[in-house]
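K.L.:
Just so we're aligned: the sequence shown equals residues 875 to 1345 in my numbering.
Please find one structure pasted underneath; my questions will follow.
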Amino acid sequence: MASVFQALTKATSLRAVNGAGAEIQLEHAAIVELKESLRGPLLMPGNTTYNEARKVWNALIDKHPALIVQCEGVSDVMNAVDFARERDLLVSVRGGGHSISGKSVCEGGMMIDMSLFNSVRVDPEAMTARVDGGCLEGHIDHETAPFNQVTTAGIVSHTGAAGLTLGGGFGRVCRHFGMACDNVRAVEIVTPDGTLRHASHEQNSDLYWALKGGGGNFGVVTGFEFQLHPMNPTVLAGDIVWPGDQARQVLEFYGEYGNDMPDALNLNVILAGSPEGEHRTIVEAVWSGSPDKGDAALAKLRKVGKPIADTIAPVPYVRFQTRNDNDNRHGKYSYMKSSLINELTPELIDELLAVRRADGVYFIFFMQAGGAVARVGQQDTAFPHRGAHSNMMVIADWSEPKEPAETIAAVRSAWARLESYTIGFYTNLMDASEQKTHANFGVNYPRLVKVKNRYDPTNLFRLNANIKPTV
Ligand SMILES: Cc1cc2nc3c(=O)[nH]c(=O)nc-3n(C[C@H](O)[C@H](O)[C@H](O)COP(=O)(O)OP(=O)(O)OC[C@H]3O[C@@H](n4cnc5c(N)ncnc54)[C@H](O)[C@@H]3O)c2cc1C
875 MASVFQALTK
885 ATSLRAVNGA
895 GAEIQLEHAA
905 IVELKESLRG
915 PLLMPGNTTY
925 NEARKVWNAL
935 IDKHPALIVQ
945 CEGVSDVMNA
955 VDFARERDLL
965 VSVRGGGHSI
975 SGKSVCEGGM
985 MIDMSLFNSV
995 RVDPEAMTAR
1005 VDGGCLEGHI
1015 DHETAPFNQV
1025 TTAGIVSHTG
1035 AAGLTLGGGF
1045 GRVCRHFGMA
1055 CDNVRAVEIV
1065 TPDGTLRHAS
1075 HEQNSDLYWA
1085 LKGGGGNFGV
1095 VTGFEFQLHP
1105 MNPTVLAGDI
1115 VWPGDQARQV
1125 LEFYGEYGND
1135 MPDALNLNVI
1145 LAGSPEGEHR
1155 TIVEAVWSGS
1165 PDKGDAALAK
1175 LRKVGKPIAD
1185 TIAPVPYVRF
1195 QTRNDNDNRH
1205 GKYSYMKSSL
1215 INELTPELID
1225 ELLAVRRADG
1235 VYFIFFMQAG
1245 GAVARVGQQD
1255 TAFPHRGAHS
1265 NMMVIADWSE
1275 PKEPAETIAA
1285 VRSAWARLES
1295 YTIGFYTNLM
1305 DASEQKTHAN
1315 FGVNYPRLVK
1325 VKNRYDPTNL
1335 FRLNANIKPT
1345 V
């Protein structure tokens, strides 16, 4: 590290980019001062760990920040935010790095990397967890499990808790306990003016509301307090697999039963190819309710068609939560389209059967909503799509570098046939224009703009589902 800073002191300044995309110069004395103000590392091109630190989950993304601040505490975050604001530097914030469009890394700006700031403290009496801003979902599950308590986390354990929660947060128990954002009791955040603020029902309640679905628009979250719920650490979970010719039956069942099945049952559906190149329909089922009621809850699903496999069995929830980790490991290339649907109409099912692929170019994935997700009012949090049945995704991923044009074209062409059945999108999974983002937040947009105007009038935090300030 020393050599990079020595080299910097010989140069007069470092080239960087501001929020509007214009080139600016960062004085070396200011960078040295920033470095001295931090407990965590400050990385620049040339540092040995710089290339590793700038990588995000999706290998299609390859960006080079001028500076990476690896925050180890609130003070580091405040110093980084002050430095960036004073220079109007382009800023990205990295939690777990899972943004598929790569919003957590930037070209020429400052990446505020929260990954080293990641402890969780559970208060089993109060049934709350205090979670640092750089925690992964697996950190939360790991720490809450010994107390037979849980809060909603995503289905891949190395996803960042902050990014997932700020945009909403679906998971295997969201129908049971609400989305991740619904379980946030309080937030600690460094806002663009460099101030540490607390947001809850009692304090800065407008900001608290906006942070539950409004994404990374309002600053850097240094901590959340999550509500925990009692849950048996062993759930009934696994997959039921049907051959391709029974897909219609399964989708019809999922469409109808999905709306009124018990909250504690979660079904995610996959239309994929088998290793032999045949169509398969897979339902991942998780029963997180009382163990003695699980078989009854699953009975209807098990009567659909003639499955070729059924692996549903008692399994520790925390172990099941890591089952997709390797398939979704860092460094894979990924391209996807996704949006929410209200129902699986016969016409949508026809299209799904027409565009599904047995050759594995992409798979189609439905993540279920409903239950407790739907019982929160549309305007109670910034996340607007409470009535959705599922999040529908067309996902292509691959491990080796290759020319992706054909794969991307295949996903787009499938999506062109599915998109008209959707009702809006999940901002955590889709990158969209300002106009589409505005329309997607719907009735909640004007209130989000008010909060943005108040806390981030210069749009310092713009690499997100951006709410444009109007002041
Ligand atoms: C493999 C995989 C599995 C997924 N599974 C699920 C799932 O089960 N459920 C679900 O709902 N979504 C899921 N997602 C989508 C996920 O919610 C988003 O990708 C989310 O942005 C990930 O958060 P992150 O912190 O890992 O991302 P990052 O790329 O680090 O950050 C994304 C954005 O979040 C904001 N952000 C991150 N940290 C902070 C912070 N500390 N303070 C302020 N803003 C911050 C920033 O705006 C940043 O641009 C998945 C994505 C992937 C790639």
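Note that the Cβ used here is the ideal one computed from N, Cα and C, for glycine as well.
Please read all numbers here as calculations on a predicted model, not as lab measurements.
Can you tell me which of the three DSSP states proline 1188 falls into?
P.N.:
By 1-based counting over the sequence shown, the position of residue 1188 is 314. Note: proline 1188 maps to strand in three-state DSSP.
K.L.:
Listed in chain order, which residues are found with a beta carbon closer than 5 Å to a heavy atom of ligand 1?
P.N.:
Taken from the N-terminal end onward, the list reads Val967, Arg968, Gly969, Gly970, Gly971, His972, Ser973, Lys977, Ser978, Met988, Gly1007, Gly1028, Ile1029, Val1030, Thr1033, Gly1034, Ala1036, Gly1037, Leu1038, Gly1043, Phe1044, Gly1090, Val1094, Val1095, Asn1202, Asn1302, Asn1338.
K.L.:
Straight-line CA distance for leucine 888 to glutamate 981?
P.N.:
Locating residue 888 in the sequence shown gives position 14, where the first residue counts as 1. Locating residue 981 in the sequence shown gives position 107, where the first residue counts as 1. Cα to Cα, the separation comes out at about 14 Å.
K.L.:
How about the stretch 1125–1141 and the stretch 1210–1224: do they share at least three Cβ pairs that are nearer than 8 Å?
P.N.:
Flag = yes, the stretch 1125–1141 and the stretch 1210–1224 touch.
K.L.:
For tyrosine 1300 versus glycine 1042, is the C-beta distance shorter than 8 Å?
P.N.:
The residue given as residue 1300 occupies position 426 in the sequence shown. The residue given as residue 1042 occupies position 168 in the sequence shown. A contact, by the Cβ cut-off of 8 Å.
K.L.:
So, do the stretch 1326–1339 and the stretch 1002–1020 have three or more beta carbon pairs nearer to each other than 8 Å?
P.N.:
Counting Cβ pairs under 8 Å, fewer than three are found: no touch.
K.L.:
Look up phenylalanine 1240 in the DSSP assignment and give the residues it is bridged to.
P.N.:
Taking the sequence shown and counting its residues from 1, one reaches residue 1240 at position 366. Val1143, Met1266, per the DSSP bridge assignment.
K.L.:
May I ask you to report which of helix, strand or coil DSSP gives tryptophan 1272?
P.N.:
Taking the first residue of the sequence shown as position 1, residue 1272 is located at position 398. Strand at tryptophan 1272.
K.L.:
Looking only at its chain, what residues have a beta carbon closer than 8 Å to the beta carbon of phenylalanine 1194, apart from the 5 residues adjacent to it on each side?
P.N.:
Here residue 1194 corresponds to residue number 320 of the sequence shown, with the count starting at 1. Arg1046, Val1109, Ala1111, Val1160, listed in sequence order.
K.L.:
Here's the rule: buried if 16 or more other CB atoms are within 10 angstroms of the residue's CB, otherwise exposed. What is valine 1317?
P.N.:
To locate residue 1317, count along the sequence shown from 1; it is residue 443. Exposed, since its Cβ has fewer than 16 Cβ neighbours within 10 Å.
K.L.:
To the nearest angstrom, report how far apart threonine 1096 and lysine 1326 are at their CA atoms.
P.N.:
Stepping through the sequence shown from its first residue, residue 1096 is reached at position 222. Stepping through the sequence shown from its first residue, residue 1326 is reached at position 452. Approximately 18 Å between the Cα atoms of the pair.
K.L.:
Using alpha carbons as the reference points, say which of Ala1246, Glu946, Ala1290 lies closest to methionine 1135.
P.N.:
Translated into the one-based positions of the sequence shown, residue 1135 becomes position 261. Nearest C-alpha to methionine 1135: Ala1246.
K.L.:
Should glycine 976 and lysine 937 be called a contact, given that it needs their Cβ atoms to be closer than 8 Å?
P.N.:
Here residue 976 refers to the residue found at position 102 of the sequence shown. Here residue 937 refers to the residue found at position 63 of the sequence shown. In contact: glycine 976 and lysine 937 (Cβ atoms closer than 8 Å).
K.L.:
Measure the beta-carbon distance from threonine 862 to asparagine 1340 and round it to whole angstroms, keeping in mind my assumption that it falls under 8 Å.
P.N.:
Given a span of 875 to 1345 for the chain in the structure shown, any question on residue 862 remains unanswerable.
K.L.:
Counting only the same chain and skipping the five closest in sequence on each side, list residues whose C-beta sits under 7 Å from that of threonine 886.
P.N.:
Numbered from 1 along the sequence shown, position 12 holds the residue referred to as residue 886. The answer, listed in chain order, is His902.
K.L.:
Is there a Cβ of chain C sitting closer than 8 Å to that of phenylalanine 991, yes or no?
P.N.:
This model lacks chain C altogether, as it is built from one protein chain only.
K.L.:
Within its chain, find whatever has a CB closer than 6 Å to the CB of histidine 1204; leave out the 5 residues flanking it on each side and keep chain order.
P.N.:
As a working note, residue 1204 is residue 330 in the sequence shown. Only Trp931 meet the Cβ criterion.
K.L.:
Can you tell me where the alpha helix (DSSP H) holding phenylalanine 1315 begins and where it ends?
P.N.:
Position 441 of the sequence shown, counted from the start, is the residue given in the question as residue 1315. Its alpha helix (DSSP H) spans residues 1308–1315.
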